[in-house]
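Numbering (the working numbering), first residue to last: 1301 to 1494. For each residue, glycine too, the CB sits at the ideal point set by N, CA and C. Just so you know, these numbers come straight off a predicted model, no measurement behind them.
1) Do you know whose CA, among 1457, 1447, 1395, lies nearest residue 1437's CA?
2) From residue 1315 to residue 1335, what distance separates their C-alpha atoms?
3) Using only the alpha-carbon positions, how far apart do residue 1357 and residue 1344 sit?
4) Give me the residue from 1379, 1330, 1402, 1374 with the minimum Cα distance to residue 1389.
5) Helix, strand or coil for residue 1415 per DSSP?
6) To the nearest angstrom, report how far apart residue 1371 and residue 1302 are at their CA atoms.
7) Is it the case that the Cβ atoms of residue 1432 and residue 1422 are separated by a distance below 7 angstroms?
8) For residue 1312, does the count of other Cβ atoms within 10 angstroms reach 16, so buried, or fall short, so exposed?
9) Can you tell me the Cα-Cα spacing of residue 1387 and residue 1304, whole angstroms?
10) Can you give me the start and stop residues for the beta strand (DSSP E) that residue 1245 sits inside?
11) Hey, could you find the ends of the alpha helix (DSSP H) residue 1404 is sitting in?
12) Suppose you measure from the CA of residue 1364 to the CA of residue 1459; what does that come to, to the nearest Å?
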């Protein structure tokens, strides 16, 4: 789409993510500052790319778009005991989504914020309950004072089973077509002779 953009800063405790981002994208789109976590990014501490600096300003200009995907573990329905009372809140990564992210948003106040999380984020904290982490996030957002007045919250549920249903048969078809003698299908779907 050739939309010009600059990545001012990012945070992840795993520096390998920074290297992966660098190698899989245009080298000019590497974050200027890569912080160890959201708290370090909020505080403007020295980042992993500039470890000897006295500090790194993660946002020297206004942020147009913020993108945040917090750890899924506290909310994942695949985790044992996910719906037990207090299980989500007691998880050591729960504060990243329901605490640090709110502080991050209050600090940078991007014009548009994209927040990605698993489907379990929209499910009740406990079995038989009705109160969800998403509802708590909404309440925490309402308690903040934003310079631009606040945010419209739009929730889009993406069902990964749809993606799996699309991708798995293609892989199977590809493996079968490569392992059997006879006609094969090229990348454009036309039959080719073996």
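On the basis of the data shown:
1) 1395
2) 9 angstroms
3) 5 angstroms
4) 1374
5) strand
6) 30 angstroms
7) yes
8) buried
9) 43 angstroms
10) There is simply no residue 1245 to check, as the chain begins at 1301 and stops at 1494 in what is shown.
11) 1401-1408
12) 28 angstroms
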